[in-house]
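Presented below is the structure to which this report refers.
Protein chains: 2
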Amino acid sequence: MESQEPKVTDSPLMYSNRVTLKTILESSDGKMVLVGETVVVGGWVKCYKEVKKHRASDTDHASPGRQGLTCLGILKSRIPRFRTIIRILCGPASSPAVREELEPLVPEPTLPSTFFLQINDGSCTSCLQVVIDSTIAPVSVGQILPTGTCILAQGVLEELSANEKQIIQLKAEKILHVGTVEQDKYPLSRERLPLDSLREYPHIRPRTTMVSSVTRIRSTLEFATHTFFQKYGFLHVQVPIITTTDTEGFSEKFHVTTLLGKTSKEKEPVGVSDADVVSLETAKAAVKEKSAVVEQLKSSGNNEESLIVAVQDLQKTNELARLIEEREKSKPVTAVKPDLLNFNDDFFGHPSYLTVSGRLHLESYACDIGNVYSFGPRFQADKTVSSKHVAEMWTVEVEMAFSELGVRLCILKAHDAMECAEDYFKFLCKWILDNCPEDMKFVSKTIDNTITHRLEYMTTSSYDKISYGEAVEILRKVPDKAFETQLQWGVPLTAEHLSYLADDHYKRPVIIYDYPKAVKPFYVHLNEDGKTVAAFELVVPKKDYNREPKLYVQIGTVITGSQNEESFNVLNTRITEFDLSIDQYEWYLDLRRHGTVKNSGFSLRFDLMVLLTTGLIDVRDVIPFPRSHGKANS
Amino acid sequence: MESQEPKVTDSPLMYSNRVTLKTILESSDGKMVLVGETVVVGGWVKCYKEVKKHRASDTDHASPGRQGLTCLGILKSRIPRFRTIIRILCGPASSPAVREELEPLVPEPTLPSTFFLQINDGSCTSCLQVVIDSTIAPVSVGQILPTGTCILAQGVLEELSANEKQIIQLKAEKILHVGTVEQDKYPLSRERLPLDSLREYPHIRPRTTMVSSVTRIRSTLEFATHTFFQKYGFLHVQVPIITTTDTEGFSEKFHVTTLLGKTSKEKEPVGVSDADVVSLETAKAAVKEKSAVVEQLKSSGNNEESLIVAVQDLQKTNELARLIEEREKSKPVTAVKPDLLNFNDDFFGHPSYLTVSGRLHLESYACDIGNVYSFGPRFQADKTVSSKHVAEMWTVEVEMAFSELGVRLCILKAHDAMECAEDYFKFLCKWILDNCPEDMKFVSKTIDNTITHRLEYMTTSSYDKISYGEAVEILRKVPDKAFETQLQWGVPLTAEHLSYLADDHYKRPVIIYDYPKAVKPFYVHLNEDGKTVAAFELVVPKKDYNREPKLYVQIGTVITGSQNEESFNVLNTRITEFDLSIDQYEWYLDLRRHGTVKNSGFSLRFDLMVLLTTGLIDVRDVIPFPRSHGKANS
């Protein structure tokens, strides 16, 4: 009651007493409500500027006759420079040159100074300016300034009129926490790193405006996915990650095993120590011997100094024995005898893998309870390096009972998997435009200025549906165009074919269906012609004809779907045709044996969808911790 | 335009022309809107009843003088029996005895009959009665009756007044699809299987009312999770499943590897065949030899019969050679030479594992961009069989920057991870009561009649927060209670201790914090006393004191959380104390080196939460495809 502390405004239910910058900077009414309030904000320093006080020789921006400078006064006198800073720092492209100018070597704060820090907390693209008087810094002022420093500060929010813009800043009254930076080691303190260099620091790169923006867009797309399917009555089912069933028959798989023993510490033997050369028996004998010495000295009662030395010696030997014993337990795998690699001894008693696709498991749920979807990680041990593929990617899979591919059956209004795929895809495009306006503005400015227009266009346009046969006909008739892969009926469509169709011919997304049976998995419904299967793909264009983008987002197929084979006999034959072991599909065949139902579904390659909505061109830039051949370092 | 077909009412945007049973049976206005309409419904037969037409000897339920029986007439005359059927079939506990009576051997339908099928489509707990006249059946009537048969039927929805209840049924006009059942093999056609037998059929068990109800509750809890965190500004981050970092240092891990080669077909050699005993060289030589014979016969021109035999022989030998070659390629792993097991040759170039916990990776995002959560599968290669643990389980993990454990710091209103964990837990309890009323009614009736009351109580009551030290004091003072594990400060609290606290002492959920440092992972913040760490657990009671449940849900700890160590030096020391390899944590230490922030978080064992809300007692009954030691068969 008698506290003199100012009332600190809480962020409702944020489970911390800080207010997020988004609340301050982005919410339309946030500014009004919070200006004048005392709040706590936290974040990491993007850059800073120092203004020395009480010093006539402040030549650079001296305002003669200034006295008792207020923060506002300083700012007003420097609006042009100030605006430049704001534009550079809060906006996307802070050019290295300007950054260097703004980040001189950390000064020796001999005189009191005012520091203008731009901080960001990951809740939005913009930075908040925090004004700190050097006299209130709890540590050496130099320590709160470098890029990457964490600051938690309490102060009053002020509104400034800088030119036509209203700007909010926090006048710090207390610094509650400082997390310093080891500047020589901090990867982001050097000039702006390109995205591929940032991949070396997946744990720190979200501090860049780019990766934090991607993270927000990705999270928003995920919630959009759940919202769409839950709204239309689909149940989410978590399909197993560890599986014994090969869903596709096409991909390289990872083994999941406990046969390789414990290997946690054999990775880097840290120099050669006693433990490397002494055997466990020798060490245990030494322990016994030295225990005896200790006992003897204890019973003799005199020579306390010798006893202490002996006890210390015993302790060391004990520690050595323990270390050796532990190493024995976690022997390097190269020492595992081959006969241990019998899968009967493996955890599951037989070979098991990381799932390549959850569609078969998900389909079993569709064949029991109707419409279902799954969202989870899928794995391929593919060693080729590609901007569209890494070993671990997230996929949205959808399966629907009582659903056929309507376009093929000439059903008037096709309520089918194709329709659902198209609606879902459009829903994602629209949702991201509606729910991430600031981030979309940012990626438009920095990556691809056509992205917003492109997403809007995809949301509103209608997509042509053509059969594979029609696609081949269109492509064969193209004059003056030599495709690298010569087209004939039966070959898979390559990126250049898909690009021609979506970019040049239709100039919008296009759905291709009824593929040759050899290019699709065994479970896809065999059409009556005996040659094609009821598969479809949603292909997106990479160009925008209205504007010239800086980069082309090469995505091609973003959704792959199919009606699945409902006939037991046909499915059985196709498993044999694909030369797959029938035993592992017995459970799947049960669904055809017992109450089979026409069903269809699709999967969306979620990481490609993030590329599409951000304009980035490599999945390793949109996956938090990408795993690829030779790359899994955390 | 000239079509005589009735207008079929579509289910809006269900991507199939059927209407879900939930729309018909559960939505309050659905019934009103749809009665009298022609709709398509689909589902699987739960059971059926036959009523023969035009036959005076229909002794069982004969109504003398009946003529031109309508469906309604039959039903009205049999209301008591009909009600019994409805109660048994649509409700939870169809006792085996009654089911047998209702499911006689499939009859020979010599005379036209009317069949009353109860079908369910997984959208709700209730069944819809479909009335089918034997004359419209597209296949032998016997084939559409057995349990598990899939039916897609078009007809008119009728409303019946049976006693005080309004009942909806579909009078079928067309049968659009029938998926028959191999009755002798169908696992669910036998009398009601207990849950542990159902585990053998994870792909079919969702057809039971119990498992479909669990699936709906699970899916609803998932959406509740996303809704809660997105509402409060948390970003979802997909942490990696494949990792090189040991997050806990406690658990057994699965290796992820490509060192074991291809093993897709060596699993079960199906009997000994030629391919097992003939070498590839021999087979290839035989092919060459037999080709020569064929060529010779062809050139000689006569003896067509011999040529045919020779060609067939060649084909067989060719097939054999192909088979052997393929087996050679996919040689059992036991043939892999030990020197291949050098991790430099592995996919990632070093040992890599399935993640045990995503908290460290998630924390790195929290230390960059604030409040984040993750929802995904986590793995432990634990061979012990437990009702609360399998190898692959889903976990919700949450990390918050600028968040300390407030209760310890005496912050008046603790906006911290504990508060967030409690709010989230209560949100889930309330959400499931609000959004799954029918399923909750079902599990209350069949599993645990205290469940609804218990969830309501957990939603509204306030939870005590006590330190580990206080918990030990309470437990040591318990008179007349001999715990199996003798308590002294420093030992982990066991299930019996937790049960005493939550069930007997507090009689509601309780949060325990500040654990001895040895029982928690290395990354938990070391308190000032140097003995305890800032960890907490949310423990739920298994009993309901107001009612006597049929089963006890033994859950204990459902949420585990902590404030994490923000000091580089302390963290570094603790990694060494835990005898973990510092190299694998270098990236994690970066977060302390550069702009460290006080942060805290927690994880919810999602599968246990599903147990808590369904009243079931084994996670294998609530996980779609449970994986445990020796069990991964699909």
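Top to bottom, those sequences are chains D and B. In this text, residue positions in the first sequence follow UniProt numbering: the first is 1, and each later residue adds one. In this text, residue positions in the second sequence follow UniProt numbering: the first is 1, and each later residue adds one. Glycine included, C-beta positions come from ideal geometry on N, C-alpha and C.
Min CB distance residue i to chain B below 7 Å
i: residue 2/D; result: A caution first: residue 2/D carries a pLDDT of 41, below 50, which makes its placement in the model unreliable, though a value can still be read off. Judged by the 7 Å Cβ criterion, residue 2/D is not in contact with chain B.
i: residue 378/D; result: no
i: residue 639/D; result: Nothing about residue 639/D can be read from this structure; chain D reaches only from 1 to 634.
i: residue 347/D; result: yes
i: residue 439/D; result: no
i: residue 624/D; result: yes
i: residue 616/D; result: no
i: residue 99/D; result: With a pLDDT of 35 at residue 99/D, under the threshold of 50, the modelled position of this residue cannot be trusted, and the question is left open.
i: residue 425/D; result: no
Interface residues of chain D facing residue i [CB-CB closer than 7 Å]
i: residue 235/B; result: 215, 216, 219
i: residue 400/B; result: 15, 16
i: residue 207/B; result: 368
Interface flag, residue i vs chain D, CB-CB below 7 Å
i: residue 632/B; result: yes
i: residue 244/B; result: yes
i: residue 567/B; result: no
i: residue 251/B; result: no
i: residue 238/B; result: yes
i: residue 381/B; result: yes
Within chain B, the residues that residue i reaches when beta carbons sit closer than 7 Å
i: residue 384/D; result: Ordered by position in chain B, no residue passes the 7 Å Cβ test against residue 384/D, which lies about 12 Å from the chain.
i: residue 420/D; result: 15
DSSP three-state assignment for residue i, whether helix, strand or coil
i: residue 532/B; result: strand
i: residue 435/D; result: helix
i: residue 629/D; result: coil
i: residue 203/B; result: coil
i: residue 624/B; result: coil
i: residue 230/D; result: helix
i: residue 446/B; result: helix
Residue nearest to residue i in terms of C-alpha spacing, selected from the options
i: residue 492/D; options: 464/D, 532/D, 114/D, 444/D; result: 532/D
i: residue 393/B; options: 357/B, 322/B, 50/B; result: 357/B
i: residue 598/B; options: 417/B, 241/B, 201/B, 212/B; result: 417/B
i: residue 458/B; options: 507/B, 215/B, 471/B, 136/B; result: 507/B
i: residue 354/D; options: 622/B, 241/B, 501/B, 380/B; result: 241/B
i: residue 237/B; options: 144/D, 452/D, 203/D; result: 203/D
i: residue 130/B; options: 375/B, 524/B, 24/B; result: 24/B
i: residue 289/B; options: 299/B, 317/B, 306/B; result: 317/B
i: residue 138/D; options: 164/D, 152/D, 537/D, 627/D; result: 152/D
Where residue i meets chain B, residues with beta-carbon distance less than 8 Å
i: residue 619/D; result: Within chain B, no residue comes near residue 619/D; the closest Cβ sits about 12 Å away, beyond 8 Å.
i: residue 431/D; result: Within chain B, no residue comes near residue 431/D; the closest Cβ sits about 12 Å away, beyond 8 Å.
Contact set between residue i and chain B, taken where Cβ atoms lie within less than 9 Å
i: residue 539/D; result: Within 9 Å Cβ-Cβ: nothing; residue 539/D doesn't reach chain B, min ~20 Å.
i: residue 255/D; result: 255, 256, 257, 258, 259, 260, 261, 263, 333
i: residue 354/D; result: 241, 242, 256, 354
i: residue 20/D; result: 233, 370, 371
Cβ-heavy atom distance, residue i to the ligand ATP, below 6 Å
i: residue 613/D; result: The ligand ATP is absent from the structure shown, which contains no ligand whatsoever.
Neighbour list for residue i in chain D, Cβ cutoff strictly below 8 Å
i: residue 473/B; result: Within 8 Å Cβ-Cβ: nothing; residue 473/B doesn't reach chain D, min ~29 Å.
i: residue 578/B; result: Chain D residues near residue 578/B: none, gap ~11 Å exceeds 8 Å.
Under 9 Å from the C-beta of residue i: neighbouring residues of chain D
i: residue 121/B; result: 369, 370, 401, 402
i: residue 133/B; result: Here the premise fails: no neighbours, minimum Cβ distance about 21 Å.
i: residue 365/B; result: 122, 203, 206, 215, 624
Which residues, in chain order, does the stretch 180-205 of chain D contribute to contact with chain B at a C-beta distance below 7 Å?
Within the stretch 180-205 of chain D, the residues whose Cβ lies closer than 7 Å to some Cβ of chain B are 181, 182, 185, 186, 203, 204, listed in chain order.
Along the stretch 145-165 of chain B, what residues have a CB closer than 8 Å to any CB found in chain D?
Listed by position, the residues of the stretch 145-165 of chain B near chain D (Cβ gap below 8 Å) are 148, 149, 150, 152.
The stretch 589-602 of chain B: which residues have C-beta closer than 7 Å to a C-beta of chain D, in chain order?
For the stretch 589-602 of chain B, the beta-carbon criterion of a distance under 7 Å to any beta-carbon of chain D is satisfied by 590, 591, 593, 594, 595, 596, 597, 598.
Chain D contacts made by the stretch 497-514 of chain B, where a contact means CB separation under 9 Å:
For the stretch 497-514 of chain B, which is checked against every Cβ of chain D, not one residue is closer than 9 Å.
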